[in-house]
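Peer 1: In full-length UniProt numbering, the protein residues as written are 1 to 313.
First the structure, then my questions, so here it is.
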Amino acid sequence: MTEANQHAVVLVVDDAPETLALLHASLVESGYTVLVANNGKDAIRICNEAYPDIVLLDAVMPELGGFDVCRRLKQDINTRHIPVIFMTGLTESEDVVAGFSAGGIDYVTKPLSPIEVIARLNTHLKNSRMMSHTQGALDAFGQAAIAVLPGTDKIIWQTPLARDLVEKYLNDKEDGGTHAEQLQQWIQQLSEGGKKRLRPLMINHPTGRLIFTPADIRNDEQWLILLREESEAAQVEALKAVFNLTKREAEVLHWVILGKTDKSIGEILGTSPRTVNKHMEHVFVKLGVETRTAAASLAVTKLHTLSGHANDT
C-alpha cells in the first residue's frame with residue numbers, strides 16, 4: 001500500500017459486471033476502499049452521499065452516459081472537486097476531447113490494465129491531496145480563496161469565506177448579473193494575458209468592494225485566486241478569524257488601528273472607556289504584545305500579509 005492510496009475511496013462506475021468485478025478485486029488488493037455503481041444516476045447519488053476521493057467512470061452507459069454524469073458532478077459545488085478518470089473504448093480524438101470538456105482529468109482505454117489504472121489513480125490522488133492541503137491551509141487562516149480550472153471560468157473549489165463573499169457580491173439580483181460577467185471576463189483574460197498584464201479585479205457593492213487577485217496561475221491543475229473585501233465589517237471579521245478574538249475585541253482593535261482613543265472608541269461602540277481598556281487587555285494577551293502600538297502594528301502586518309498584497313501592481 002502506498003501513501004497515495006492509503007484510506008482513499010474510489011467509486012467505480014460501469015454497466016458491465018465483469019469490469020466492476022475486475023477493478024473491485026484489483027483495487028481492494030492495492031489498499032483502496034471501493035464503492036461501485038452500475039449506472040449514472042447511482043453514481044451521482046453516491047458522490048453526493050459518500051464523497052469519494054476519485055471516480056473511475058465508464059464513458060458509454062445506457063440512459064445516463066459517463067460524459068453527462070461528469071458534467072453534472074462538475075456543475076454541483078459539492079462534487080465538482082472530485083477527480084474523474086474516464087474508462088472508454090472510444091479512442092477517436094473527438095471522444096477524448098469530449099471527455100476532457102466534460103470535466104475529466106484523464107482516461108484509460110479498454111480492455112483495462114489494472115496496473116495502468118492503479119498507476120493513474122496514484123498520480124491523480126497525490127495531486128488532488130496537494131490541492132486539498134492548500135485549501136485546508138487557507139480555510140484554517142480564514143483566507144478567502146477560489147481555485148479555477150485553467151483556461152476556463154469553472155470554480156473547482158472555494159473556501160467558506162470565499163463562498164460567502166461570492167454569494168454576497170456576485171449573486172446580487174439588483175446588478176442583473178453584471179458582476180458575475182465581470183469575473184468571467186477577468187478570468188478569461190488570465191489565460192490570455194497572464195498575471196503581469198492583469199490588474200486585480202474590483203467589484204463595488206453598497207457595503208464595500210471585493211478584490212480578486214491572482215496568486216498562482218502557473219499551476220496546470222488549478223489557478224489560485226485570493227479574494228479580499230474592503231469594509232469596516234470585513235476588517236472586524238478578519239481580525240476575529242486571524243487572532244481568535246471576540247467580535248467586540250475585534251471591533252476595539254479595529255478602532256485602535258485607526259488611532260482612536262479609549263474615550264472615542266467607547267462613544268462609537270456605546271460603552272465606557274474602562275470597558276474598552278478591559279477588551280484591549282484581552283487583545284494584548286491573545287496577540288502576545290504589551291502595548292497598543294504593538295497590537296496595531298502586528299494586526300496591520302498580519303492582515304496585509306493575508307491579503308496577498310492585493311493592491312501591489
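We put the beta carbon where it would ideally sit given N, CA and C, even for glycine.
Can you give me the start and stop residues for the alpha helix (DSSP H) that residue 75 sits inside?
Peer 2: It spans 66 to 75 - the alpha helix (DSSP H) in which residue 75 sits, taken as one unbroken run.
Peer 1: Excluding the 5 residues preceding and the 5 following residue 277 in the sequence, name in chain order all residues of the same chain whose CB lies nearer than 7 Å to its CB.
Peer 2: Once the five neighbours on either side are set aside, the close Cβ partners of residue 277 are 262.
Peer 1: Where does residue 321 fall in DSSP's three states?
Peer 2: Missing from the structure shown is residue 321; the chain here goes from 1 to 313 and no further.
Peer 1: If I follow the unbroken alpha helix (DSSP H) through residue 24, where does it start and stop?
Peer 2: Its alpha helix (DSSP H) spans residues 17 to 29.
Peer 1: Using the beta-carbon count (16 or more within 10 Å), is residue 111 buried or exposed?
Peer 2: It counts as exposed.
Peer 1: So residue 145 packs on residue 224, CB below 8 Å; how close in whole Å?
Peer 2: With a Cβ gap of about 6 Å, residue 145 and residue 224 count as contacting.
Peer 1: Let me check one thing: in DSSP terms, what residues is residue 54 bridge-paired to?
Peer 2: DSSP, once it has assigned bridges, lists 10 as partnering residue 54.
Peer 1: Within its chain, find whatever has a CB closer than 7 Å to the CB of residue 72; leave out the 5 residues flanking it on each side and keep chain order.
Peer 2: Closer than 7 Å at Cβ, skipping near neighbours: 44.
Peer 1: May I have the straight-line CA-CA distance separating residue 280 from residue 214, to the nearest angstrom?
Peer 2: Those two C-alpha atoms are separated by around 35 Å.
Peer 1: Determine the direct distance from the alpha carbon of residue 184 to that of residue 312, and round the result to whole angstroms.
Peer 2: Any reading at residue 312 is ruled out, since the residue's pLDDT is 44, under 50, leaving its predicted position unreliable.
Peer 1: Evaluate the contact criterion for the segment 59 to 79 versus the segment 28 to 42: three or more CB pairs, one atom per stretch, below 8 Å.
Peer 2: With a cut-off of 8 Å, the segment 28 to 42 and the segment 59 to 79 count as touching, because enough Cβ pairs lie within range.
Peer 1: Mark residue 274 as exposed unless 16 or more other C-beta atoms lie within 10 angstroms of its C-beta, in which case mark it buried.
Peer 2: Looking at its Cβ environment, which holds fewer than 16 other Cβ atoms inside 10 Å, residue 274 is exposed.
Peer 1: Roughly how many whole angstroms lie between the Cα atoms of residue 114 and residue 102?
Peer 2: If you take the alpha carbons of residue 114 and residue 102, they lie about 24 Å apart.
Peer 1: In chain order, what residues of the same chain have a beta carbon less than 6 Å from the beta carbon of residue 14, not counting five sequence neighbours either side?
Peer 2: Excluding positions up to five away in sequence, the list reads 20 and 58.
Peer 1: DSSP on residue 32, reduced to helix/strand/coil?
Peer 2: It is coil, neither helix nor strand.
Peer 1: Mapping DSSP to helix, strand and coil, what is residue 275?
Peer 2: Here residue 275 sits in helix by DSSP.
Peer 1: For residue 99, which residues from the same chain have a beta carbon less than 6 Å from its beta carbon, with the 5 sequence-adjacent residues on both sides left out?
Peer 2: Cβ within range, chain order: 86 and 107.
Peer 1: Can you check which of these residues, 10, 9 and 24, is closest to residue 16 by C-alpha distance?
Peer 2: Ranking the options by Cα distance to residue 16, first place goes to 24.
Peer 1: In three-state terms, what does DSSP make of residue 62?
Peer 2: The answer is coil: DSSP assigns residue 62 none of H, G, I, E or B.
Peer 1: What distance in whole Å lies between the Cβ atoms of residue 169 and residue 210, which are believed to be in contact at a cut-off of 8 Å?
Peer 2: Their Cβ separation, rounded to whole angstroms, is 4 Å, which keeps residue 210 and residue 169 in contact under 8 Å.
Peer 1: Thinking C-beta only, is residue 125 closer than 7 Å to residue 54?
Peer 2: In this structure, residue 125 lies closer than 7 Å to residue 54 by Cβ.
Peer 1: Taking C-alpha atoms, which residue in 291, 299, 290 and 230 lies nearest to residue 250?
Peer 2: That would be 299, whose Cα lies nearest to the Cα of residue 250.
Peer 1: Taking residue 315 as part of the beta strand (DSSP E), name the residues at either end of that continuous run.
Peer 2: Only positions 1 to 313 of the chain appear in the structure, and residue 315 is not among them; the question remains open.
Peer 1: Pull up the CB-CB distance for residue 227 and residue 165, whole angstroms please, since I reckon it's below 8 Å.
Peer 2: Yes, they are in contact, since the Cβ atoms of residue 227 and residue 165 sit about 5 Å apart, within 8 Å.
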